[in-house]
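Below is one structure, written out as C-alpha cells; the observations come after it.
Numbering (our numbering), first residue to last: 700 to 1121.
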C-alpha cells in the first residue's frame, strides 16, 4: 500500500455483492474501479468468505492488479473490530452498492473521517433507494484514531451514520460533486445506490450507460447511438473485450482503405458505416464494464491514421479519375484538421472544457461539422447522385470551413476573457 493511499477494506456479503449489472457483479465492478483509482490491494470482509472467494476465483484481467485477502465476520451488521487494520486511514466500501468512480476518488482523498452521502438523490434514482431512506451505509473514509475511540463491538455503519448526523464527522455529498466530465463533453451527475432488485435492473443499468455515453454527438452519431447501446448490452454478457472490438475495427478500416484506393466506393462506404458504429461500441463497452486499458488510450491515434489513409486513398482514386486538385484537397483537409485540433486545445487550456460543448453554437457546429462520419455521409449522398468526386471536394472544403469556425470561436474565447458556459 502506498503511504498516501488509505488501506482498502471491502464489505462483500451475498447476495447484494454478487448482483449483476451489465454482465459483471457489483463486487467485480468495484474491484475494477479501485484498480483504476490506483489501489493495488484490498481486504475483503464477508459473512461468506468462501462463497465470495469462489465468486472471484475466475481470472479477471480487468482487476488482476488488485491483490486480495479475505476476512470472515459473523452477524448482519459489520462491527468496528472487523474492519480495524491499524492503518492511519482506511477506505471502507460496501460492495452491495453501485458507485460512480468519481465519488470513490473524492472519498479516498479525504484526510478526516468522512461518510459518503447523497442529500438529494436524482429523482430517477429514488426507486433504487426504496427501503434505505437517508441512512447511507455504503462507504466511508475512517481515521485510525476514530476507530480506536469506538466500542469495538459497535455496529460500524450505525456509528458512522450517528456521527455524521450530529456533525462529529464530515460527509462527502454526491450532490455537491462536480458534474462536468471533459472526456465525455457533458454533465453527468455522480450517483451511488444499493444493489437493485431483479425488477429494477433495467433502471439501475441506465446510470452506467449514461456514464459511458459521450455527449454532443455529430448528426450521424445521434442516429448510431441506439445501435451502439444494443450492441454493448449484448457484448457485456460475453467475454469479448473492448480491445478485441478495436482490433476488428482497425482491420475493417484497412479493408476500407484498400476498397477506396481501388475504386470500390460503394463497398468502401458500406464498411465505413460499420466502423462508424463499431468505433462507438469499443469505448462504450470499456466504460460500461470498466475495462479501460492503457492500450485503449492509443485508439485515437490509430483512428486518426486509418482515417488519414481513407482520405489519401480517395485522393489517389479521384486523381486517377482526372480530379487534378485531389492531392491539394487532401492537403487542405489534413492542414485544416491540425488547425482545428490546435484551436480546440487552446480552448481546453483556457476554460477547461471542450470547444464542442462551450455554447449552443459550438454544439451545433459539432453536430454538422466536418468529421469522419459526416464525410462518409456526404460521400454516400454523392455516390447516390452519381458524382462521387463532388462529394470528395465538398467534404474537404467542409472540413476547412469547420476549422475556420473553430478558430474564430477560439479567438473569441481567448480575447474576451472568461465566457459564460451554456
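Note that the Cβ used here is the ideal one computed from N, Cα and C, for glycine as well.
Proximal residues to residue i (C-beta, below 6 Å), its chain only, five neighbours per side dropped
i	result
residue 1090	1077, 1078, 1081
residue 833	Note that residue 833 has pLDDT 48, beneath the 50 cutoff, so the model's placement of it is unreliable and the number below is only indicative. Excluding sequence neighbours, residue 833 sits near nothing in its chain.
residue 945	981, 998
residue 790	705, 707, 807, 840
residue 713	747, 750
residue 762	730, 731, 734
residue 858	849
residue 1046	1054, 1109, 1112
residue 722	935, 936
residue 1066	917, 918
Where residue i falls, given that 16 or more other Cβ within 10 Å makes a residue buried
i	result
residue 964	buried
residue 1072	buried
residue 842	buried
residue 917	buried
residue 836	buried
residue 957	exposed
residue 1016	buried
residue 1060	exposed
residue 1105	buried
residue 975	buried
residue 817	buried
residue 1122	Past the boundaries of the shown model lies residue 1122; the chain is included only from 700 to 1121, so the question cannot be answered.
residue 1097	buried
residue 881	exposed
residue 1029	buried
residue 757	exposed
residue 1114	exposed
residue 1034	exposed
residue 1107	exposed
residue 829	exposed
residue 823	exposed
residue 895	buried
residue 1022	buried
residue 726	buried
Same chain only: Cβ atoms within 8 Å of residue i, ignoring 5 sequence neighbours per side
i	result
residue 772	744, 745, 746, 778, 781
residue 774	746
residue 996	none
residue 927	976, 979, 980, 983
residue 1027	none
residue 876	801, 802, 805, 889
residue 1117	Low confidence applies here, because residue 1117 scores a pLDDT of 47, under 50, leaving its location unreliable; read the following figure in that light. Counting only Cβ-Cβ distances below 8 Å, and skipping sequence neighbours, we find 1050.
DSSP bridge partner residues for residue i (one or two, in chain order)
i	result
residue 935	Answer is none; residue 935 lacks a bridge partner.
residue 706	789
residue 846	The partner list for residue 846 (beta bridge, DSSP) is empty, contrary to what the question assumes.
residue 744	710, 770
residue 798	891
residue 815	871
residue 724	719
residue 778	854
Close-in-space but distant-in-sequence residues of the same chain around residue i (CB under 7 Å, 5 per side omitted)
i	result
residue 1031	1095, 1099
residue 1101	1039, 1064, 1068, 1069
residue 764	734, 739
residue 884	913, 914, 915, 1053, 1055, 1056
residue 799	889, 890, 891, 910
residue 930	980
residue 959	967, 1009, 1012, 1013, 1016
residue 1087	964, 1078, 1081
residue 793	710, 836, 837, 838
residue 874	817, 818, 819
residue 1074	1094
residue 940	990
residue 987	721, 907, 908, 911, 931, 935
residue 700	Note that residue 700 scores 48 on pLDDT, short of 50, meaning its location in the model is unreliable and no value can be drawn from it.
residue 948	974, 977, 978, 981
residue 1018	1025, 1026
Contact with chain C by residue i, beta-carbon distance below 8 Å
i	result
residue 703	The structure shown contains no chain C; it is built from a single protein chain.
Anticipated Cβ contact below 8 Å, residue i with residue j, distance rounded
i	j	result
residue 887	residue 910	6 Å
residue 1042	residue 932	Not really, about 36 Å apart at Cβ, beyond 8 Å.
residue 812	residue 845	4 Å
residue 724	residue 717	5 Å
residue 871	residue 815	5 Å
residue 903	residue 797	6 Å
residue 1005	residue 953	7 Å
residue 795	residue 715	3 Å
residue 784	residue 742	7 Å
residue 776	residue 852	At roughly 10 Å, the Cβ-Cβ gap does not stay under 8 Å, so residue 776 and residue 852 are not in contact.
Exercise for the section: Could you name each continuous alpha helix (DSSP H) segment of 4 residues or more that falls completely within the stretch 1035-1089, going from the start of the chain to the end? Expected result: 1059-1067, 1071-1083
Practice task
Jot down the residue ranges of each uninterrupted alpha helix (DSSP H) in the stretch 977-1020, minimum 4 residues, whole runs only, in chain order.
Solution key: 998-1019
Handout entry: Continuous alpha helix (DSSP H) assignments of at least 4 residues falling wholly in the stretch 834-901
Key = 843-848, 855-864
Handout entry: Ordered list of alpha helix (DSSP H) runs contained in the stretch 906-954, each at least 4 residues
Key = 918-934
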